[in-house]
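Each remark here refers to the structure printed beneath this line.
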């Protein structure tokens, strides 16, 4: 199985309990490494600078990286974490991603800040049969102090197969929240809409909303958990073509990552940990018709 991933690598300064941890990451790394854990061949479309420390590591993991090296330094964030809430500050922005072509017919698009142009977005959607989108990077803007905030935009979502979105991101795209916002996205042509609201995860597919709930555990570093979820959902959907298994496996991967209480990329779970949790979630799925 194959997948193309579009996102920036990053270097994050993660502040937890007044302690700073400087770690490489970005959705590019979390998604690619999770997909490799699930035995997918990965082509990563990204940009990073000469300061990025994981280029050789990603290559050794047999992740194919296309036209990635920039003269600019790598995109950098400062993240202040309190439980499930994060405050982000942008410290550096690398070059945009140049679209070449897909190596597969499936694409995971997860920009983190301004690296995917509308033109590139349209080309990816045109060339892929399955498109998973985490739109966070399309919505992010920085203020005069480089703090990241979300901005309402009109994003063309035609050609998107599935989307993962937070309540605030949902409101930015639809001016609605909860069920009403999810239905707006579905009317725009997105068959599967995933709303992640802390522990509560909802999936609108056809005329039903399926829900799972992550365990109430003490949170540590939540960085990358959403990316782990996205990659697992995407890969499971591509391989199994079963929406409930995809939801269960994605929830299982997120839970395993959180329970590890590890920093950065070290929290990426094994396939076995993910699968064990997935069976639990599969048997606890609730649904309602809308």
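Residue numbers (this note's numbering): 5 to 294. We put the CB at the ideal spot given by N, CA and C, even for glycine. Quick caveat: nothing in here was measured; it's all calculated off a predicted structure.
It is roughly 33 Å from the alpha-carbon of residue 33 to the alpha-carbon of residue 291.
Spatial neighbours of residue 94 in its own chain (CB-CB distance under 7 Å, excluding positions within 5 residues in sequence) are listed in chain order as 81, 117, 146, 150, 152. Taking C-beta separations shorter than 6 Å and ignoring five residues to either side along the sequence, the partners of residue 57 in its chain run 28, following chain order. Runs of alpha helix (DSSP H) with 4 or more residues, each lying fully within the segment 157 to 238, are found at 171 to 178, 182 to 191, listed in chain order. Rounded to the nearest whole angstrom, the CA to CA distance from residue 122 to residue 107 is 20 Å. When Cβ pairs closer than 8 Å are counted between the two stretches, the segment 14 to 29 is seen not to touch the segment 125 to 143, the count staying below three. Here residue 220 is exposed: its Cβ has fewer than 16 other Cβ atoms, across all protein chains shown, within 10 Å.
Residue 199 and residue 280 have their C-alpha atoms some 23 Å from each other.
The distance from the Cβ of residue 134 to that of residue 114 is about 14 Å, inconsistent with a contact at the 8 Å cut-off.
Just so you know, the alpha carbons of residue 83 and residue 17 end up roughly 6 Å apart. For residue 248, the uninterrupted alpha helix (DSSP H) run begins and ends at 247 to 263, by DSSP. Less than 8 Å divides the Cβ of residue 193 from the Cβ of residue 162.
A straight line joining the alpha-carbon of residue 12 with that of residue 262 spans about 23 Å. Here residue 105 is exposed. Its C-beta has fewer than 16 other C-beta atoms within 10 Å.
When only Cα atoms are considered, residue 77 and residue 157 end up about 28 Å apart.
Nearest neighbour of residue 112 by Cα position, chosen from 168, 86, 91, turns out to be 168.
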